[in-house]
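Step one of this worksheet: look at the structure below.
In the numbering used here, the protein residues as written are 6 to 83.
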């Protein structure tokens with residue numbers, strides 16, 4: 006799988022139901038997930054977001070979650 010850009014990673018996390026906000030500090034990003042039970046926050050370094058999205062895509066592909074193209078190639082385990 007090709008590397009993702011930060012903006013592509015943000016778009017994926019938003020498609021998965023997360024809010025993505027900058028901060029709280031420079032170089033950090035906050036992922037927010039709202040559920041009926043409450044809100045979860047997770048703060049990560051900005052540079053990790055693309056790799057996190059790639060990892061999440063790989064898990065989703067293996068589990069058949071959100072895969073829309075029946076014969077899409079599996080993600081690379083680089």
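Ideal Cβ placement from N, Cα and C applies to all residues, glycine included.
What is the rounded straight-line gap between the Cα of residue i and the Cα of residue j?
{"i": "residue 11", "j": "residue 55", "result": "6 Å"}
{"i": "residue 50", "j": "residue 33", "result": "4 Å"}
{"i": "residue 14", "j": "residue 63", "result": "13 Å"}
{"i": "residue 67", "j": "residue 58", "result": "14 Å"}
{"i": "residue 69", "j": "residue 61", "result": "12 Å"}
{"i": "residue 17", "j": "residue 31", "result": "22 Å"}
{"i": "residue 83", "j": "residue 8", "result": "Annotation note: pLDDT 45 at residue 83 (below 50); position unreliable, no value reported."}
{"i": "residue 53", "j": "residue 42", "result": "27 Å"}
Can you name, in chain order, every residue of its own chain whose Cβ lies under 6 Å from the Cβ of residue i, other than the five neighbours on each side?
{"i": "residue 22", "result": "none"}
{"i": "residue 38", "result": "23 and 45"}
{"i": "residue 47", "result": "36"}
How about residue i and residue j: do their beta carbons lie closer than 8 Å?
{"i": "residue 40", "j": "residue 26", "result": "no"}
Could you give the residue range of the alpha helix (DSSP H) that holds residue i?
{"i": "residue 61", "result": "54 to 68"}
Pull the bridge partners of residue i from the DSSP assignment, please.
{"i": "residue 118", "result": "What is shown of the chain runs 6 to 83, which leaves residue 118 out entirely."}
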